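Asker: Going letter by letter, the sequence shown gives residues 1354 to 1660 in the numbering used here. The C-beta atom is built at its ideal place from N, Cα and C for all residues, glycine as well. As the structure is a computational prediction, the values presented were derived from the model and not from experiment.
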Amino acid sequence: MRPKSRPSSVSSLFARAAQTTLARPAVLSGRGVHGDRPARVTLLPAAANSGVAFSVGGAELRADWRGVDATQMRTRLSSGEASVSTVEHLLAALAGLGLDNALVLVEGDEVPAMDGSAQAFVEAIDEAGVVALAAPRACLRVVKPVRVSQGAAWAAFIPAARGLSLDVEIAFEGPIGRQRRRLALTPQSFRAELARARSFGFLRDAERLWRAGLALGATLENTVVLDGETVLNPQGLRYADECLRHKMLDVVGDLALAGAPIVGAFRSFRGGHGLNMALLEAAMQAGALARAEAAEASERPMLQPSP
């Protein structure tokens, strides 16, 4: 279906009830943070009702929770012999900016790490531009509470009248400690509060992760590395709670695998990719997410971003 408008800003299009896609292709290249191999993605416009899909070696992998086959330190999609790892930051940028349809051509088996945040993807989308399509946007409304637990960690969906609100709490030893933040997801709040938050890890875990084939490409250029009480990155943190904000960024990317914007409240304690996926699966199986057109479910924020 052809675009019905000229390229516009994602902020102005997000509030519309129409679906969106990219106006032009965008290309990003780098290395994979886990495989440490060259990685390149080309973001292409896609027709209405296409959703987001990854093309890997001729196979198409839809951005769908049912295609997730690994959640340790990243979210990986697979279909048959084809797979693509570390999709969460790119998906977060697409979802956070309100992009409904895109085809992602992947060269390699991993999305490039860039600087460990979603900022490079946001900038690429801005450069490409966004257009509205002649088709209504759908959403998934949380119609009943659902909660999943893994030990002391848990995540939940709660019905809410408008928009998607996030309430995320983390607890780590050392300088991170226990932190909590609330956010109403809009393109503006995503840009200002989440997009620049980088992946983080602990130096003590490095050898264990390397043995598992993970974090082989992690450097101080794409990861915040903590050693005891010390942040090893020369420039330090971008925010005092950068690690918490990155967890929220991951939530946005993982929830994009629902296939449509979620209208409701998300809450988690000590969450991660595995817990996010467990919650999506539980919500789908319990019928807790009901499909509706955006015109029937206002996407204005219910909460204001925390100071």
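Ordered along the chain, which non-local residues of its own chain (more than five positions away) have a Cβ less than 8 Å from that of A1488?
Answerer: M1354, A1371, Q1372, A1401, N1402
Asker: Whose C-alpha, out of G1606, A1641, G1640, Q1638, is nearest the C-alpha of N1629?
Answerer: G1606
Asker: Indicate whether L1517 and V1405 have their beta-carbon atoms separated by less than 8 Å.
Answerer: no
Asker: For R1427, count neighbouring C-beta atoms within 10 Å of its own C-beta (all shown protein chains included) and say buried if the count is 16 or more, exposed if not.
Answerer: buried
Asker: In three-state terms, what does DSSP make of P1587?
Answerer: Coil at P1587, not helix or strand.
Asker: Please return the same chain residues whose Cβ sits closer than 6 Å to the Cβ of V1499, not counting the five positions on each side in sequence.
Answerer: The beta carbon of V1499 lies closer than 6 Å to those of F1510, A1635, A1636, A1639, A1641 in the same chain, with the five residues before and after it left out.
Asker: Between the C-alpha atoms of A1513 and A1491, what's the straight-line distance to the nearest angstrom?
Answerer: 17 Å
Asker: When we look at the beta-carbon of P1528 and count the other beta-carbons within 10 Å, is it buried (16 or more) or exposed?
Answerer: exposed
Asker: Can you give me the Cβ contacts of A1571 inside the same chain, cut-off strictly under 6 Å, excluding the 5 residues immediately before and after it?
Answerer: Here the set comprises V1386.
Asker: Ordered along the chain, which non-local residues of its own chain (more than five positions away) have a Cβ less than 6 Å from that of A1445?
Answerer: A1471, L1602, V1605, G1606
Asker: Would you say G1554 lies against chain B (beta-carbon separation less than 8 Å)?
Answerer: Considering every chain present, this structure includes no chain B. It has just one protein chain.
Asker: What did DSSP end up calling N1575 once you bin it into helix, strand or coil?
Answerer: N1575 falls in the coil class under three-state DSSP.
Asker: Report buried or exposed for D1594, applying the criterion of at least 16 other Cβ atoms within 10 angstroms of its Cβ.
Answerer: buried
Asker: Beta-carbon within less than 6 Å of G1469's beta-carbon, same chain only, minus the 5 sequence neighbours each way: which residues are those?
Answerer: The beta carbon of G1469 sits closer than 6 Å to the beta carbons of R1551, S1552, N1575, T1576 from its chain, once the five residues preceding and following it are set aside; these are given in chain order.
Asker: Compute the Euclidean distance between the alpha carbons of P1398 and V1495, then round it to the nearest angstrom.
Answerer: 29 Å
Asker: What number of angstroms, rounded off, separates the C-alpha of E1582 from the C-alpha of G1433?
Answerer: 43 Å
Asker: So, G1482 versus R1377, is the Cβ gap smaller than 8 Å?
Answerer: yes
Asker: Under the rule that 16 or more other beta-carbon atoms within 10 Å means buried, what is S1502, buried or exposed?
Answerer: exposed
Asker: Any idea if W1418 is buried or exposed, counting beta-carbon neighbours within 10 angstroms, 16 or more meaning buried?
Answerer: buried
Asker: Starting from G1627, trace the alpha helix (DSSP H) in both directions and tell me its first and last residue.
Answerer: 1626-1638
Asker: Is the beta carbon of D1453 sitting closer than 8 Å to the one on T1374?
Answerer: yes
Asker: Going by DSSP, what residues sit across from I1529 in a beta bridge?
Answerer: DSSP, once it has assigned bridges, lists no residue as partnering I1529.
Asker: Identify, in the order they occur along the chain, each residue of the same chain with its Cβ nearer than 7 Å to the Cβ of R1384, setting aside the five sequence neighbours on each side.
Answerer: R1390, P1391, A1392, P1465, A1466, G1570
Asker: With which residues is I1478 paired in a DSSP beta bridge?
Answerer: The partner list for I1478 (beta bridge, DSSP) is empty, contrary to what the question assumes.
Asker: Contact defined as beta carbons within less than 8 Å: I believe V1459 pairs with V1437. What is the distance between those atoms, to the nearest angstrom?
Answerer: 5 Å
Asker: Quick check: the Cα distance between A1643 and L1493, rounded to an integer number of angstroms?
Answerer: 5 Å
Asker: Using beta-carbon positions only, say whether A1416 and A1548 come within less than 8 Å of one another.
Answerer: no
Asker: Label G1566 either buried or exposed according to how many other C-beta atoms from any shown protein chain fall within 10 Å of its C-beta, with 16 as the threshold for buried.
Answerer: exposed
Asker: Distance check for G1554 and S1659, CA to CA, integer angstroms please.
Answerer: Unreliable positioning characterises S1659 in this predicted model, as indicated by a pLDDT of 30, which lies under 50. A coordinate reading is not provided.
Asker: For L1642, does the three-state DSSP call read helix, strand or coil?
Answerer: strand
Asker: If distances are taken between C-alpha atoms only, which option among G1388, E1463, L1450, A1448 comes closest to F1407?
Answerer: Comparing Cα-Cα distances from F1407 to each of G1388, E1463, L1450, A1448, the minimum goes to E1463.
Asker: Using the C-alpha atoms, what's the distance from V1457 back to L1519?
Answerer: 27 Å
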